[in-house]
Amino acid sequence: MNQDFLAQWQQLKKIARDESVKDLQALFNQSINRAASLSFEVEDIFVDISKNWITPEILLSLTKLADASQLSEKITHLFTGHNINVTENKPATHTLQRQTNPPAQMAKDRAKMFEVALNYSSGQWLTAFNKPVETVVNIGIGGSYLGPKIAIQALTDLQMKSKVKVLYFASIDDVRLQAIVHTTDIERTLFCISSKSLGTIETLKNANAIKELLEKKNNYQPNKMNQSFVIATANNKRASEFGVPESHVLPFDNATGGRFSVWSSIGFPLLMAIGEKGFLSFLAGAEKMDKHFKEADFNQNLPVLMAMVSIWYRNFMHLTAYAVIPYDANLKHLPAWLQQLMMESNGKMHDVNGEHVDVSTSPWLFGDHGQLSQHAFFQAFHQSKDVLPIDFIGVLGPQTESKKYLLINMLAQSAALMNGSDHDEKQFNCPGNRPSTTILLKELTPSSLGQLLAMYEHMIYVQSVIWNINCFDQPGVELGKTIARNIVEHIQDDTLEEVHLDKSTQQLLAKVLEHE
Ligand code: F6P
0 MNQDFLAQWQ QLKKIARDES VKDLQALFNQ SINRAASLSF EVEDIFVDIS
50 KNWITPEILL SLTKLADASQ LSEKITHLFT GHNINVTENK PATHTLQRQT
100 NPPAQMAKDR AKMFEVALNY SSGQWLTAFN KPVETVVNIG IGGSYLGPKI
150 AIQALTDLQM KSKVKVLYFA SIDDVRLQAI VHTTDIERTL FCISSKSLGT
200 IETLKNANAI KELLEKKNNY QPNKMNQSFV IATANNKRAS EFGVPESHVL
250 PFDNATGGRF SVWSSIGFPL LMAIGEKGFL SFLAGAEKMD KHFKEADFNQ
300 NLPVLMAMVS IWYRNFMHLT AYAVIPYDAN LKHLPAWLQQ LMMESNGKMH
350 DVNGEHVDVS TSPWLFGDHG QLSQHAFFQA FHQSKDVLPI DFIGVLGPQT
400 ESKKYLLINM LAQSAALMNG SDHDEKQFNC PGNRPSTTIL LKELTPSSLG
450 QLLAMYEHMI YVQSVIWNIN CFDQPGVELG KTIARNIVEH IQDDTLEEVH
500 LDKSTQQLLA KVLEHE
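Here the sequence shown is numbered in numbering that gives the first Met the number 0, starting from 0 and rising by one per residue.
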């Protein structure tokens, strides 16, 4: 790290020693403009960061830190195809996926996905049982599941208007398989195998289980089996091995990361659910956020501000967790999507040069629908000895009585967290001064959703720049998979004693195997 960066870091450490920054009420008393001056509106998103342990001085120092990390240059690198995914020696192309005019191959991939979706939704293409498609089952996991799932749930209103409903088959789960079979007319179902690598064991097992199931049906037409499948993947070779014809393969660029891939053909189920117009508007929303991220000054730049506030909490206030609490049932999957995005991207201890990172990186992120969480884990938000920053997310319109009720509850919670309460009996005391950010969306539309997801994607990129880590790989998740593969292979060969396992795992594995 350069001298300027280190100097800014030291400066922030010095500021952090002053405990008065945690006195939110005093900060509001010091500046009558605090709420307005620490709120930002970009397109359909309004972000109020005034209830955080920050001052204009801190924000200035944080933006100087961002400057010193060469963030401007790194943002340019993201958008201009530099090989920023250094360990895999490739660029990160998710922002190209949502461009109005993407590069030629991506435009071709998008056109093909639209054509296939239209063929099915118009009834021109039928399933292997010669029936039109009424349900799409997404067979995929990780980003190939959470991306379509957050978006489809968020846009439930649009999905309800479309003829197609979407179900998910992610984990290996016999019960889930049975549930799909019993609740769905599988003769009118299109199975979308969503896997960037097409090497993910859960997805392949689930796809094969479905294939076997279809083959057992009386009226199944073997030569037409493929009509019940499409494959969204960046691995065309494996797609052809699966036996699906080229016309049913929806390719996408290999340099688009799994957790950033909902904008690509991994978004096919979303396209089926909300139609071409909705999907294009989703992409356009994200593109608007890309433009904002590229062009806005850091002190007005939503992803940069969100990231720098999170850096402040993680590295200078030493808060380990981060909660994301949408007060809208349609956004209830946002925390799970963001959990993968932040923790798989930035939960790392080595920098881009392979050196150990001296400071803490990704916080532990969790969350759920606010109204439900309020009656579950909010007690700890108010009175636990540990504090964490919270993003509250609300949707303003179209306003109904129930939506207003939700929003009022959300505001009441953030106010209660900040202001606390004083009681004679100590156990009723809420200490207050608990920080939060409030994000308001004008409405939940494909465009505003695109903006919101892209905002968080860029926030995570900015965090990674500050920590100097590669946020586009995930080497840590491989180890457990390798051990599982090794055990399975040795069980098959009856040579389990050759696998070196610790005593605890040996004992537990014995229990698993005995139980048959
Ligand atoms: O195991 C982690 C991971 O590689 C994620 O990064 C990814 O989203 C998920 O598995 C699924 O991968 P694929 O789309 O290649 O099946």
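Glycine residues also receive a C-beta, built at the ideal position from the N, C-alpha and C atoms.
Reduced DSSP secondary structure (H/G/I, E/B, other) of Gly-396: If DSSP states are grouped into helix, strand and coil, Gly-396 belongs with the strands.
Check: Val-476 C-beta below 8 Å from any heavy atom of the ligand F6P: Checking the 8 Å criterion, the Cβ of Val-476 is within range of a heavy atom belonging to the ligand F6P.
Per DSSP, the bridge partner or partners of His-349: Bridge partners of His-349: His-355.
Distance, Phe-427 Cα to Lys-160 Cα: Taking the straight line from one Cα to the other gives about 48 Å.
Inter-residue Cα distance where the pair is Lys-73 and Arg-109: For Lys-73 and Arg-109, the distance between alpha carbons rounds to 27 Å.
6 Å Cβ shell around Ser-463 - same chain, five flanking residues per side excluded: Same-chain partners within the cutoff: Asn-345, Cys-470.
Separation of Met-224 from Lys-204, as counted between CA atoms: If you take the alpha carbons of Lys-204 and Met-224, they lie about 17 Å apart.
Buried versus exposed call for Glu-286 [16 or more other C-beta atoms within 10 Å across all chains shown]: Classification for Glu-286: buried.
Identified DSSP bridge partners for Asp-390: Asp-390 is bridged to Val-323, Thr-436.
Contact between the stretch 185 to 198 and the stretch 113 to 127 (3+ Cβ pairs under 8 Å): In short, these stretches touch, since the Cβ pair count reaches three.
Length of the line joining the Cα atoms of Leu-59 and Leu-37: Each residue's Cα considered, the two are about 12 Å apart.
Start and end residues, beta strand (DSSP E) containing Phe-297: Looking at the DSSP string, Phe-297 is not in any beta strand (DSSP E), and its letter there is neither H nor E.
Own chain residues within Cβ distance below 6 Å of Gly-142, not counting five before or after: The residues are Gly-257, Arg-258, Ser-260.
3-residue-minimum beta strand (DSSP E) runs that sit fully inside the stretch 136 to 196, ordered along the chain: Secondary structure in the stretch 136 to 196: the beta strand (DSSP E) runs of 3 residues or longer, each lying completely within the stretch, are 164 to 168, 188 to 193 in chain order.
Per-residue DSSP class, three states only, for Glu-343: Helix.
Meets three-Cβ-pair contact criterion under 8 Å: the stretch 34 to 54 and the stretch 287 to 301: A contact is defined here as three or more CB-CB pairs under 8 Å, and the stretch 34 to 54 meets this definition with respect to the stretch 287 to 301.
Residue range of the unbroken alpha helix (DSSP H) whose run includes Gln-4: The sequence as given places Phe at residue 4; Gln does not occur at that position. Counting along the chain, the unbroken alpha helix (DSSP H) around Phe-4 starts and ends at 2 to 15.
Proximity test, Glu-343 beta-carbon vs the ligand F6P heavy atom, cut-off 8 Å: For Glu-343, the shortest C-beta to heavy atom distance toward the ligand F6P is below 8 Å.
Member of Tyr-321, Thr-437, Phe-281, Leu-269 whose CA lies at the smallest distance from the CA of Ser-49: Out of Tyr-321, Thr-437, Phe-281, Leu-269, Thr-437 has the C-alpha closest to the C-alpha of Ser-49.
Distance between beta carbons of Gly-369 and Pro-334, contact taken as under 8 Å: That belief does not hold up - the Cβ atoms of Pro-334 and Gly-369 are roughly 10 Å apart, past 8 Å.
Status (buried if at least 16 other CB within 10 Å, exposed otherwise) for Pro-244: By the Cβ-count criterion, Pro-244 is exposed, with fewer than 16 other Cβ atoms from all chains shown falling within 10 Å of its own Cβ.
Heavy atom of the ligand F6P within 8 Å of Ile-140 beta-carbon: Answer for Ile-140: yes, Cβ within range of the ligand F6P.
Cα-Cα separation between Ala-25 and Asn-32, rounded to whole angstroms: One alpha carbon belongs to Ala-25, the other to Asn-32, and they sit about 13 Å apart.
Rounded Cβ spacing between Gly-475 and Leu-439 (contact assumed at less than 8 Å): The pair is not a contact, with the Cβ atoms about 35 Å apart (cut-off 8 Å).
At least three beta-carbon pairs within less than 8 Å, the stretch 448 to 464 to the stretch 301 to 309: Contact holds: three or more Cβ-Cβ distances are below 8 Å.
Alpha-carbon to alpha-carbon, Gln-10 and Glu-56: A straight line joining the alpha-carbon of Glu-56 with that of Gln-10 spans about 11 Å.
Met-540 versus Phe-376, Val-229, His-514, His-317, residue with shortest Cα-Cα distance: Because the chain spans 0 through 515 in this model, residue 540 falls outside it and cannot be assessed.
Alpha helix (DSSP H) segment containing Phe-78, residue limits: 70 to 78 is the extent of the alpha helix (DSSP H) around Phe-78.
Contacts around Leu-395, its chain only, beta-carbon distance under 6 Å, and the 5 residues preceding and following it disregarded: Once the five neighbours on either side are set aside, the close Cβ partners of Leu-395 are Leu-439, Lys-441.
Reduced DSSP category for Asn-235 - H, G, I as helix; E, B as strand; rest coil: DSSP, reduced to helix, strand and coil, places Asn-235 within a helical segment of the structure shown.
Range covered by the beta strand (DSSP E) that runs through Val-464: Segment 445 to 466 is the alpha helix (DSSP H) holding Val-464; no beta strand (DSSP E) there.
Spatially closest choice to Ile-192 from His-181, Arg-175, Lys-210, by CA coordinates: Nearest of His-181, Arg-175, Lys-210 to Ile-192, Cα basis: Lys-210.
Burial state of Trp-363 (16 or more Cβ within 10 Å): Of the other Cβ atoms in all chains shown, fewer than 16 fall within 10 Å of the Cβ of Trp-363; this residue is therefore exposed.
Gln-98 versus Leu-340 - alpha carbon distance: Straight-line Cα distance between these residues: approximately 21 Å.
Reference Lys-276; option with closest CA among Leu-157, Phe-190, Met-348, His-332: The candidate whose alpha carbon is nearest that of Lys-276 is Leu-157.
Three-way DSSP call (helix, strand, coil) for Val-229 in this model: Strand at Val-229.
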